[in-house]
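Here the structure is laid out as structure tokens; the discussion comes afterwards.
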Amino acid sequence: MDLNVSCCWKWLLLVSFLIVCVNGQTSGYFMVTFPAVIESGSEAKLCASLLKPNESLVMNIYLVHGDQSTLLLQEKAEEEFHRCFNFKAPLVKAESVQRMKVELHGESFKMTEERKVMFKPYNPLTFIQTDKPIYNPGQTVNFRVVTVDTNFAPFDQQDSQENRIGQWTNVSSTRWILQRSYELNPEARQGVYRLRAYIGERMISHDFEVKKYVLPKFEVTVQSPDKVSVDEEELIIEVCGKYTYGQPVPGKSWVKVCRNVLHYVLTLESNTICLEETTEIKKTGCAIHTLDASAFFNSTLKYNLQNSLKVEAMVTEEETEITMKKYKSVSLTFEIGKVTLTDLPKTYEHGSVIEGKIKLSNFKDAPIQNKVVYLFEGETWSSKLLLNLTTDSDGFASFSLNTSSLPERDINLMASVYPELNYYGYKTPYISKDRKTVQLFQAATPYTPTLSELIIENIEQPLQCDAEFTLTIKYYFIGETAEDFKTDIVYMVLSRGVILHHGSEKVEVKTSNGAGSGTVSFKLSVGADLAPAVQILAYCVLPSENVATGSAKFDVEKCFSNKVSLQFSPAKAVPGEKNTLQLSAQPGSLCGLSAVDQSVLIMESGKRLDTEKIFNLLPVQSVSGYPQGVEDEQECLHVRSRRALSTDNAYESLKRVGLKMATNLAVRIPQCLSYRGLTYFRYHDIGTSDGDFGTSSRDSPAVTIRTVFPETWIWELAEVGSVKHNQHKQKESSSGYNVHSARCIQLTAFVLRSFGKAQKYIFIDPHIIQSAKEWLISRRYSYGCFIQQGRLFNNRMKGGVNDNVTMTAYITASLLELETPVTDPVVSKGLSCLRSVVKDVKNTYTTALLAYTFSLARDMDTQQQLFKKLEDVAISDGSHLHWSQSASADDSESLEVEISSYVLLAVLTADSLTTADLGFANRIVSWLVKQQNAYGGFSSTQDTVVALQALSLYATKVFSSDGSSTVTVQSAGDTHLFDVNQDNKLLYQEKQLQNVPAKYSIEVKGSTCVSVQVAQFYNIPTPTEDKTLRIDAKLEGDCKTLGQTFILKFTVKYHGLQERTNMVIVDIKLLSGFTADTSMIQTSSGRYASLVERVDAKDDHVIMYLKEIPKNIPMNYQIQMKQVLPVKNLQPAVVKVYDYYQTSDQSETEYSFHCQ
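Under this note's numbering, the first residue of the sequence shown carries the number 6, and numbering increases by one thereafter.
Here's what the structure looks like:
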């Protein structure tokens, strides 16, 4: 061991000699400071210092990238200087690490240092603003996209199921603000929706919520400690209720505080500890609740309880009994006090006396007196007890420590209230201890870590904009051999990673016993360029050639250079009173105005666009550390410190503010020693890595919903200095469908076919069509037929037939409609599969669909085989012709339309049509139009889709650009004329028949075909016969007083041929004077509760959507109703249930009020 030590000292002596020789040849020191990361193409800044030149020197600064070298600065000087210079950062498309090279040379020497620097492109700031954070279904979403760029790539909006529901393409903003709107569907799914804007490859998104809500009348706030110690005796909670216009809410305040059981602990719920209290609200609108906190901590089950308290507060308004709730969490700490070592010197000389104090305080920082404290010395688990002390009335215990008996090294002191250094224990109250190190004084040398430092004094934060502050730098110089010396303290001001200001102050230092201290100050003017944070770096060079540094960070008020103000006149107004809004900003500014009802923001607080969110868009707010690839490699030097320290003070200070320094001074402790071919590395403590580079329910009483006041009052753009009305036209939008969400193969094919045809007229994302097609292709057997997969929302959507042949015919027809060639492997294999079963097909629906498929494929031989089968089962009635599916008698009305439509499509899908073909088609059309209902549709959704497609194709085949007709409809006392010509042939004309009942005649004159329909609406008694659905309903409840709550119980049952129904609608007509709480729908069977898709309230109806009803299983539900207005001779109301896709499947019943 002795041999190793002596060898090490020989190396150190040798190195010291070499250093002296080298330093003797230098002529001055240089320091060039610059940010580690610089924005591409920006006006960047670097700062250079030249110290102690003894001849005329030249400093050259180059930017080196590969083989290219660019001269940034050449400075000749004979005297010291501290200056900053601007240079144009190179323009790069991606991160680029280059090198900053500094040369200093005189007549007889030349010195060079290089440091890495990264140039990085930053995206422009873009954000999306909506007028509100939450919307009811059917409301209009107003939004703005704001960016510094003027051109935008495609923009789209997505709903809560990731479906694209609106899109705007090739739009450009005007003066950096793009404003659009989108009207939500009244039946829009509730959930989170997303707006997306695309700029090149970059995507910006903004979320908003859609749900049904009623605006709250007032807001509840809860004030309580964020953290509570387990030795607290009281927990004080303040609850306040304020109306949206600022007035206090009269009523009562209720608070419930619980300490819950840990989630993973399997124990009884009764182990949860709860306290609650109710009190009257004061005139201020607030109430104070004082609870016994000890009840939460003195439990034998403390190990099973959470380390937090859950606070639930509720305010109940007088008279109306309307309630609003607020929740908060309070964390628990087992620290009941702390010990602090104070008034210690930074350094000591061995043999001297160290004086200091021990402070003891509780969790709230109040002094603890007459308590024994202990002073230890040494490492954590090998400390030696030095002193026992007792705190005075102020919680302090003073001590004096003679260092003669201690080792000659740094002294590690620790203060504690515990005589032994043991583990506190799990969930056990404790008083924390404190550690401090007093360093051994030693003379400073260039390669000895300096104890000198600069400290930038803290000031009150955040720093206010447009104000001037005085920043003070304290300096402590220790171990300098020179008794009196001068040095320049250089400071730099940075914000967002950029050097903005700099300066220097010369100080005269007088030392005593090797130590000197003092202060220096400078003024800092705070503007918008310093927001949201300012970083300060200070450094100086000492006679020992050490660099003393210090850094600090201060938060700055988030402000902007364009000062905008809004002012209402008058400041307060009553409803209906006129008001003026004055906007002021810099001339030429374009301002987006938004005024939203305060009640909306109560529900979704913190989600409105504000200054905080804007500043969070900045790519860099403050800097800490270096990004990967910018850290400079260190060469092994012939230098090694005698003592291992865990940090390089100067280097770490620079790194903390994201600066690099190229210098010939030692700002970083060498990491290794190289001697005779061997490398000896410096010892490192195990610790954390360097910092990253970067930024830093309520109850439901009867509520009167406002119908006059809008939630969004103002949403417009205003250009300062001018008046402008902005009108924005919305281009075509398209409805999206996530074709894979249900994994239904036919529904995917249906959407694929619909989107494929629609993209000729509106924008459809090609990716959706392609992905749907690829998914369909993956659902095939090797012989070409498609796999039957998934369940449709409408079980009649494919004609009630459930086999692979029908599915393959449908998908193949869809692909052919999208103009997929017959030679395509998917189509050709599908047709081959279908040809093999044509002879065996007996189902009329499948036969009609196959006939259409082979007509699309132009396979006329197979088509004729299928037509022969269809002719044999056709139903002919004079000039009418149609087909029926005998296999499903209950589906005949809808399936007859669908089958007949496929036959019509098969007939008309030919390269050329004969007169006989058109006559055959005309007979089918004559029958089809007689099946249309008063709204132009047919029996169900599916037959309407196919029938309209067939009728549209027929219209193209018989189209004529000439001719007109006149239709006369008359009775004995009523005559109506309809003129149909080439100008209005697409116009739907309708007139009301006044003389009813009566006998009317229809006469048509002209040369064109005209479709005439008579619709009559009438009331009928509630039907007593059921088809496949049945519903029973009964109102129950005690008949006491007005406002009594009643329960409507109803049962729905299905007894048809299918295993389950499609989606089913239950339409409940409310009794006159009654309201219903749609949130209180309940079912007696928890198994089927999930079948309730949604519940809507529309006018005096409650509409409940059921996903399906299983066969022969009664579904029992109940809904809460309330009588709010007494009505005499109250008539029964009707409850109706019907199939969403087959409305003829329905049932009705009545319920009546039993309290009259």
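Quick reminder that beta carbons are idealized off the backbone N, C-alpha and C, glycines included. The structure presented is a predicted model; accordingly, all values stated were derived computationally and were not measured.
- Here residue 772 carries a helix assignment [DSSP, helix/strand/coil].
- Spanning the alpha carbons of residue 411 and residue 445 requires a straight line of approximately 11 Å.
- The continuous alpha helix (DSSP H) containing residue 822 extends over residues 809-822.
- Between the segment 839-848 and the segment 770-781, the count of C-beta pairs closer than 8 Å stays below three; the two stretches do not touch.
- Check the Cα spacing between residue 958 and each of 928, 910, 978 and 997: the tightest is with 910.
- Here residue 202 is near residue 131, since their CB atoms are less than 8 Å apart.
- Judged by DSSP secondary structure, residue 336 falls within the beta strand (DSSP E) whose first and last residues are 328-338.
- Between residue 433 and the set 111, 758, 307 and 869, the nearest pair of CA atoms involves 307.
- Around the beta carbon of residue 414, fewer than 16 other beta carbons lie within 10 angstroms, which makes this residue exposed.
- Here residue 969 is not near residue 1004, since their CB atoms are 8 Å or more apart.
- The C-alpha of residue 408 lies about 6 Å from the C-alpha of residue 355.
- Here residue 346 has 361, 363, 418, 420, 439 and 441 as same chain residues with Cβ atoms under 7 Å from its own Cβ, once five neighbours each way along the sequence are excluded.
- Assignment of residue 119 by DSSP, reduced to helix, strand and coil, places it in the strand class.
- When secondary structure is reduced to three states using DSSP, residue 137 falls in the coil class, being assigned neither helix nor strand.
- Closest by C-alpha distance to residue 218, out of 1083, 77, 992 and 1159, is 1083.
- Note on geometry: alpha-carbon atoms of residue 830 and residue 914 lie some 22 Å from one another.
- In terms of Cβ geometry, residue 1070 and residue 1023 do not form a close pair [threshold 8 Å].
- With contact defined as three or more Cβ pairs closer than 8 Å, the segment 911-930 and the segment 845-862 are in contact.
- Each residue's CA atom was taken as its position, placing residue 405 and residue 392 some 10 Å apart.
- Under the 10 Å beta carbon count, residue 50 is surrounded by 16 or more other beta carbons and is classified as buried.
- Per DSSP, residue 414 lies in no alpha helix (DSSP H) segment and is marked neither H nor E.
- Annotation for residue 340: 234, 368, 435 and 437 place their beta carbon closer than 7 Å to its own, counting only its chain and skipping 5 residues before and after.
- Per DSSP, residue 866 is one residue of the alpha helix (DSSP H) stretching across 865-878.
- Following the DSSP letters along the chain, one finds residue 655 inside the alpha helix (DSSP H) bounded by residues 654-661.
- Annotation: residue 279 to residue 333 spans about 14 Å, alpha carbon to alpha carbon.
- Fully contained in the segment 1051-1088 are the following beta strand (DSSP E) runs of length 3 or more, in chain order: 1069-1074 and 1079-1088.
- With a cutoff of 8 Å on beta-carbon distance, residue 524 and residue 485 are scored as not near each other.
- Separation of residue 194 and residue 1145 (C-alpha to C-alpha, rounded to the nearest whole angstrom) is 17 Å.
- A distance below 6 Å between beta-carbons, with the five flanking residues on each side excluded, links residue 483 to the following residues of its chain, in chain order: 352, 456, 457 and 520.
- Assignment of residue 838 by DSSP, reduced to helix, strand and coil, places it in the helix class.
- Below 8 Å, too few C-beta pairs join the segment 580-591 and the segment 107-115 to call them touching: fewer than three.
- When secondary structure is reduced to three states using DSSP, residue 888 falls in the coil class, being assigned neither helix nor strand.
- Using a 10 angstroms sphere on the CB of residue 751, the tally of other CB atoms reaches 16 or more, which defines it as buried.
- Beta-bridge annotation (DSSP): residue 981 is paired with 974.
- Annotated three-state conformation of residue 1025 is coil, per DSSP.
- Linking residue 1018 to residue 939 through their CA atoms gives a straight-line distance of about 8 Å.
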